[in-house]
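J.:
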Amino acid sequence: MFTGITQAVGRIAAISEGEASRRVAIDFPDGFCAGLAQGCSVSIDGACLTVAAPPRGERAEFDLILPTLVTSTLAACRVGDAVNAERALRDGAEIGGHALSGHVDYQAVVEQRKECGDNLCLRLSVPAGALRYLFAKGYAALDGVSLTIADIDKQAGWIEVWLIPETRRATSLGAKQPGCRLNLEIERDTQVLVDTMREALEDKLAALMPLLAPRLDELAPALLPAARRQPALAAR
């Protein structure tokens, strides 16, 4: 579990390709790897990865398996790329952002960036499947960073987030340009609530349809003439 508060920005140091997998070595700032052991979990750009070998100094290695390569932007990472890193949450630690699983749900694409003094507004296009779980003043995680959605247009398919100076300093998001793809994790409690409500409504409607169908058949002859008259009324 993670909180969406980036603890360090690492750099991709090496990449080795495997069969439907790849191993990445990442260099971190001094102190990040203290106490980090093989098997520990680290969020890299929002994807929960497992330390694949004992760290050497401030360098740790991670294996990217096929599901991670398919769903996240890490399939396109290159040597020298900056990545946001957060170590797994310890029991009793402060949750400064919101609870994250480190499981990437979708990818968002930067459409626009707008500077406003020291602040930065990013507008991102979001896949249609994610929009039902997103709303203004709700949470979303982009490349592992917990952010509040400032604005959303579900018909146009975009959200806007604002980056304060500290977020720009402590993460890689301030350098993102139009066309960049970001990992998106939706807020899990919201997803559960929305999906549960949808399933409950679908179940209710399925039970009611046998009762409603005969009545709809009776009303259809009366409704059809009225529907045909609508274009004429609209023309007037």
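The UniProt record's numbering puts the first residue of the sequence shown at 1, with every later residue one more than the last.
Note that the Cβ used here is the ideal one computed from N, Cα and C, for glycine as well.
Between D153, I12 and L120, which has its C-alpha nearest P165's C-alpha?
T.: Closest option to P165, Cα to Cα, is L120.
J.: When you compare only the Cα positions, how much space is there between V192 and Y133?
T.: C-alpha separation (whole angstroms): 9 Å.
J.: DSSP on V79, reduced to helix/strand/coil?
T.: Of the three classes helix, strand and coil, the one that applies to V79 here is coil, per DSSP.
J.: Does the distance from the C-beta atom of L66 to that of A47 stay below 8 Å?
T.: Not in contact: L66 and A47 (Cβ atoms no closer than 8 Å).
J.: For R87, which option in A60, V79 and L205 has the closest C-alpha, if you only look at C-alpha atoms?
T.: If we check each option's Cα against that of R87, A60 comes out closest.
J.: Can you tell me which of G35, A108, S125 and V145 puts its alpha carbon nearest to the alpha carbon of S101?
T.: Checked all of G35, A108, S125 and V145; the closest Cα to S101 is V145.
J.: Shortest alpha-carbon distance to A99 belongs to which of V194, I149 and D189?
T.: If we check each option's Cα against that of A99, D189 comes out closest.
J.: To the nearest angstrom, how far is the alpha carbon of A170 from that of G138?
T.: Spanning the two alpha carbons is a distance of roughly 22 Å.
J.: Between L184 and D105, which are expected to be in contact by the criterion C-beta below 8 Å, what is the C-beta distance as a whole number of angstroms?
T.: Indeed, because the Cβ distance is near 6 Å, the residues count as touching under 8 Å.
J.: With 16 as the cutoff for other CB atoms within 10 Å, does K154 come out buried or exposed?
T.: That one is exposed.
J.: Roughly how many whole angstroms lie between the Cα atoms of T148 and A130?
T.: Going from the Cα of T148 to the Cα of A130 covers about 15 Å.
J.: Excluding five sequence neighbours on each side, which residues of the same chain lie with their C-beta closer than 6 Å to the C-beta of S43?
T.: Excluding residues within five positions, the ones whose Cβ falls inside 6 Å are F2, E86, G102 and G144.
J.: Between which two residues does the alpha helix (DSSP H) harbouring V70 extend?
T.: Where V70 is concerned, the enclosing alpha helix (DSSP H) stretches over L66 to T71.
J.: Measure from the alpha carbon of R123 to the alpha carbon of each residue in G117, L69 and Q112, then state which is nearest.
T.: Comparing Cα positions, the closest option is Q112.
J.: So is D203 buried or exposed if we call it buried at 16+ other beta carbons inside 10 Å?
T.: The residue is exposed, with fewer than 16 neighbouring Cβ atoms inside 10 Å.
J.: Check L49 in the structure and name its three-state DSSP category.
T.: Strand.
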